[in-house]
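Chemist: The sequence shown: position 3 = 308 (this note's numbering), numbered continuously.
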Amino acid sequence: MESKTKEKKENIQDVATAQAFQPPVYVFSILCLLPTALLLVKVSALHQWVRFQVGVTVLVSIVGYFATSRMIPLVGPKLLPKLNGVDIGKRGLGGKDDGKKIPESLGIVSGCVFMISVGVIQAIVARENDQLMEFNAGLSSICFAVLLGLCDDIIDIKWRYKLFIGAFMSLPLLVSYQGGTTILVPNFGPLRQVLNQNHIMLESVIGNILGIEVDGDGKLLDVGILYYVYMFVIIVFCTNSINIYAGINGLEVGQSIVAACSVSVVNLLELLWRGGSQDDILSGDGKNHLFSLMLMLPFISTSFALLKFNFYPAKVFVGDVYPYYAGMTLAVSAILGHFAKSLLLLMIPQLLNFLYSLPQLFHLVPIPRHRLPRVNLKTGYLETSKVAPNDSRSNMTLLNVALRMFGPMHERTLCIVLLVFQLLCSVLGIFLRYTISEL
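#1: Which class does residue 670 belong to by DSSP, given the choice of helix, strand or coil?
#2: Which whole-angstrom value is the C-beta distance of residue 577 and residue 594, which I expect to be below 8 Å?
#3: Is it true that the region 676 to 691 meets the region 551 to 562, where meeting means three or more beta-carbon pairs spaced less than 8 Å apart?
#4: Assign residue 439 to one of three DSSP states: helix, strand, or coil.
#5: As a quick exercise: from 696, 693, 723 and 695, pick the residue whose alpha carbon is nearest that of residue 707.
#6: Please say whether residue 599 and residue 450 have beta carbons closer to each other than 9 Å?
#7: Within 8 Å, do at least three Cβ pairs link the region 695 to 711 to the region 603 to 618?
#8: How would you write the range of the beta strand (DSSP E) that residue 408 sits in, first residue to last?
#9: Suppose contacts are defined by Cβ-Cβ distances below 9 Å. Is residue 636 in contact with residue 478 by that definition?
#10: Tell me the rounded alpha-carbon separation between residue 542 and residue 655.
#11: With which residues is residue 687 paired in a DSSP beta bridge?
#12: Give every residue of the same chain whose Cβ lies closer than 8 Å to the Cβ of residue 363, excluding the five residues on either side of it in the sequence, and list them in chain order.
#13: Count the other CB atoms, across all protein chains shown, that sit within 10 Å of the CB of residue 460; report buried if there are 16 or more and exposed otherwise.
#14: Quick one: what's got a C-beta closer than 8 Å to residue 368's C-beta in the same chain, skipping five residues either side?
#15: Alpha carbon to alpha carbon, how far is residue 715 from residue 446?
#16: Taking the alpha carbon of residue 672 as the reference point, which residue from 711, 406 and 661 has its own alpha carbon closest?
#17: Using the C-alpha atoms, what's the distance from residue 359 back to residue 749?
#18: Tell me the DSSP secondary structure of residue 695 in three-state form.
#19: Going by the DSSP bridge assignment, what does residue 390 pair with across the sheet?
#20: Given a threshold of 16 other Cβ atoms within 10 Å of its Cβ, counted over all protein chains shown, does residue 382 qualify as buried or as exposed?
#21: What first and last residue would you give for the alpha helix (DSSP H) that runs through residue 463?
#22: Determine the contact status of residue 611 and residue 341, defining contact as a CB-CB distance below 9 Å.
#23: Beta-carbon within less than 7 Å of residue 596's beta-carbon, same chain only, minus the 5 sequence neighbours each way: which residues are those?
#24: Measuring alpha carbon to alpha carbon, tell me which residue in 415, 735, 712 and 579 is nearest residue 558.
#25: Classify residue 732 as buried or exposed, calling it buried when 16 or more other Cβ atoms lie within 10 Å of its own Cβ.
#26: Following the continuous alpha helix (DSSP H) through residue 341, name the residue where it begins and the one where it ends.
#27: Leaving aside the five residues before and after residue 631 along the sequence, list all residues of the same chain whose C-beta is less than 6 Å from its C-beta, in chain order.
#28: In the structure shown, what three-state DSSP assignment does residue 705 receive?
#29: Cutting at 8 Å between CB atoms, please list the residues of its own chain near residue 329, excluding the five before and the five after it.
#30: Name the residue from 532, 689, 573 and 350 whose alpha carbon lies nearest to the alpha carbon of residue 480.
#31: Thinking C-alpha only, which one of 454, 572, 417 and 321 is nearest residue 545?
#32: Judging by CA-CA distance, which residue of 488, 483 and 537 is the nearest neighbour of residue 471?
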């Protein structure tokens, strides 16, 4: 009798996987990489100097992909006795993954390979002192994020302490920032007119303290020290938003890859539109966009290697290491690329998930230890989870929103749906940057 029950349980996960809509993950990968690859070819054709820098970055990124792919199977078994977890989304289904211990914190592998890759790129192409300083400052902040994530996996740091530590992680990045603090006011509504009419009051009352200035008939607004406050908020948001928007196999890494590809597309478009000479390419923020691209390409390649092992069914867990350093890398790339004000447009799902989660994060609504969807032991599909056992309200995450909209789904299907949503939001964000908001 026990063997029949066990056999029946073993079929739940397999049957659910076989019956569910399972779009191939390689299609998602092509959709992400194709625009970046096409733009890379076009940018490389602009100038021999650019072709060399881009070529070195691509070559090191490819090596980083294979190095990460090779190291994860070697490091995973060594971490298993010390850092491990059980996949809650498969618990009770009776399949081969039911109750199986899976190594945690494998984001440390991709993080280390990524930082080594950036160091190699720095040694080959970074020649100027200011560029070296920005490279080192960016790597310092990313390294701090890796250490914070690893410490969190080991000793489970409380949120209030992580936010405090995050303030120190941002210091190298903010101190090395050499860009302007002027923003282009969106050309819709009465914003420019209001600023133009009140610029004397702004500059006299507040401007002396914060350095605020209005120029160009309200078109340009120098926010002074407030821009540094904004960058600090962006760093805190990025390092925590990916960790909040998680809970199923492949989602943390997948969303980071989409966001990184979007940042790469912005950098490549900015380089492509500058002209064919080296002076044209380096004019304005051209050098900064090239630097940002040098961070994104090795990050994308090492993340894809990690995704192979973390996608459903996950062979490894990324831990808190990956979300922290992934968010910090995106923040570093945008801030030192001098388009920090546009980064939120490329992380719309993370922003929506954060805003939607605020009532639970501030304990206005009960918040359980895990807010991920619950698995139906009869169907093997994921369903919305509740804030408390006797409460009808669902946990306030985009994962549960998707399940309410489309009904119960297989874990892999839900991940693909959310990643496609991330991809569509990225397209919308790039459209808004260059057309409506003029950011």
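Built from N, CA and C at the ideal position, the CB exists for glycine as well.
Modeler: Once the coordinates are examined:
#1: coil
#2: At roughly 10 Å, the Cβ-Cβ gap does not stay under 8 Å, so residue 577 and residue 594 are not in contact.
#3: yes
#4: helix
#5: 723
#6: no
#7: no
#8: 406 to 408
#9: yes
#10: 9 Å
#11: 680 and 714
#12: 345 and 602
#13: exposed
#14: 422
#15: 37 Å
#16: 661
#17: Residue 749 is absent from the model: the chain starts at 306 and stops at 744.
#18: coil
#19: 407
#20: exposed
#21: Careful: residue 463 lies outside any alpha helix (DSSP H) and carries neither H nor E.
#22: no
#23: 436, 439, 641 and 642
#24: 415
#25: exposed
#26: 330 to 349
#27: 547 and 561
#28: helix
#29: none
#30: 532
#31: 454
#32: 537
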